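Participant:
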Amino acid sequence: MTATTTPVTELDAVFGGVDSHADTIHVAVVTDRGGHVADAEFPTTAAGYPAAVAFLSAHGTVTAVGVEGTSAYGLGFTRAARRAGLTVVEVNRPDKAERRPEPDRAHPHHRPG
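Position 112 (the sequence shown) corresponds to 111 in numbering that gives the first Met the number 0; numbering is contiguous.
(1) Nearest-angstrom Cα distance between Ala80 and Arg32?
(2) By Cβ distance below 7 Å, which residues in the same chain neighbour His106 in space, the five residues on each side in sequence not counted?
(3) Helix, strand or coil: which one does DSSP assign to Gly65?
(4) Classify Ser19 as buried or exposed, calling it buried when 16 or more other Cβ atoms lie within 10 Å of its own Cβ.
(5) Is Ala39 helix, strand or coil by DSSP?
(6) With respect to the alpha helix (DSSP H) encompassing Ser70, which residues constitute its N-terminal and C-terminal limits?
(7) Please look up how many angstroms separate the CB atoms of Ala114 and Phe41, rounded, as I've assumed it's under 8 Å.
(8) My output table needs one value for Ala27: the three-state DSSP class, helix, strand or coil.
(9) Report back the beta-carbon spacing between Ala46 and Phe14 to the nearest angstrom; my notes put them in contact at under 8 Å.
(10) I need the DSSP call for Ala53, collapsed to helix, strand or coil.
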């Protein structure tokens, strides 16, 4: 597990965000105002899912968790989070074209000729 953390009081409301992949899930914790609290990576295993839920819960009262791919790579985490009583919200992944900005046409490498 790799983690970074910023101190938060135990009673603060926090939100979780989960980016799921085949072998790992990346879990981020933010305040209700969007401030970074902590983030860590966990394996997509029977032990990794409850560890990720515990990581979230250790940083405050979890209001909700946004999960990318609740029915795909994020399914194991979603099940563990719901078993723990957390509210899980599906986050739709944007199209690749929307995630990548259009090249800067004014940049010298993009000029014709």
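C-beta: ideal position from N, C-alpha, C; glycine also. Fair warning: this is a prediction, and the values are worked out from it, not measured in the lab.
Facilitator: Well, looking at it:
(1) Rounded to whole angstroms, the gap between the alpha carbons of Ala80 and Arg32 is 22 Å.
(2) For His106, the pLDDT reaches just 47, beneath the cut-off of 50, and the residue's location in the model is therefore unreliable, although a value from the coordinates is still provided. Around His106: no qualifying Cβ.
(3) Under the three-state reduction of DSSP, Gly65 is assigned to strand.
(4) The C-beta of Ser19 has 16 or more other C-beta atoms within 10 Å across all chains shown, which makes the residue buried.
(5) Residue state for Ala39 is assigned as strand, using DSSP reduced to three classes.
(6) No alpha helix (DSSP H) contains Ser70, which DSSP labels as neither H nor E.
(7) Residue 114 lies beyond the stretch modelled for the chain, which goes from 0 to 112, so this question has no answer here.
(8) Here Ala27 sits in strand by DSSP.
(9) Wrong, their Cβ atoms sit about 24 Å apart, outside the cutoff.
(10) DSSP places Ala53 in helix when its eight states are reduced to three.
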